[in-house]
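Enquirer:
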Amino acid sequence: QVQLVESGGGLVQPGGSLRLACAASGIFFRGYAMGWYRQTPGKQRELVAHITRGVSTNYADSAKGRFTISRDNAKRTVYLQMNSLKPEDMAVYYCGANMPGAPVSFWGQGTQVTVSS
């Protein structure tokens with residue numbers, strides 16, 4: 072059974088930081104690219120950051136310079152370090168696993184990030 076379990080969300084003040092983690096089980100983790108996505112009510116889920124099997128990364132423009140994605144294959148975990156958080160970053164954050172060149176095969180259940188003073 073494939074599971075992607077996110078953690079680390081919560082309430083943070085503007086300008087603060089959070090580190091999200093997504094622990095994977097039931098898949099050959101190092102064989103998948105991993106991404107962090109976010110969704111707000113009434114909007115489509117959007118890519119925030121993505122890391123390939125070879126640890127190449129790409130970011131949404133809104134995340135560049137503030138967020139960092141990384142992975143630890145030994146721990147089967149992908150991370151998203153989020154700094155300088157803004158109210159517009161508030162969303163449910165999901166991790167997703169995809170084979171290269173393919174859409175996301177597996178999703179986590181999501182973790183809420185609230186940015187508010």
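If you count the sequence shown from 1, position 35 lands on 106 in my numbering, and the numbers rise without skipping. The beta-carbon is built from N, C-alpha and C at its ideal position, and this holds for glycine as well. Predicted, not measured: the structure shown is a model, and the values here were computed from it.
Rounded to a whole number of angstroms, what is the C-alpha to C-alpha distance between Arg124 and Asp143?
Expert: C-alpha separation (whole angstroms): 11 Å.
Enquirer: Since Phe99 is in the beta strand (DSSP E), which residue starts that stretch and which ends it?
Expert: Phe99 -> no beta strand (DSSP E), and no H or E assigned at all.
Enquirer: Buried or exposed for Phe99, please, with buried defined as at least 16 other CB atoms from any protein chain shown within 10 angstroms of its CB.
Expert: Phe99 should be labelled exposed.
Enquirer: State the Cα-Cα distance for the pair Leu89 and Glu159, rounded to the nearest angstrom.
Expert: When rounded, the distance between both Cα atoms is 15 Å.
Enquirer: Considering only residues of the same chain and omitting the five flanking positions on each side of Ala95, which have a CB-CB separation below 6 Å?
Expert: Here the set comprises Leu75, Arg147.
Enquirer: With distance defined between alpha-carbon atoms, name the residue in Lys114, Gly87, Val73, Gln72 nearest to Ala162.
Expert: Comparing Cα-Cα distances from Ala162 to each of Lys114, Gly87, Val73, Gln72, the minimum goes to Lys114.
Enquirer: So Arg101 and Gln110 are in contact, right, with Cβ under 8 Å, and what is the actual spacing, rounded?
Expert: Wrong, their Cβ atoms sit about 27 Å apart, outside the cutoff.
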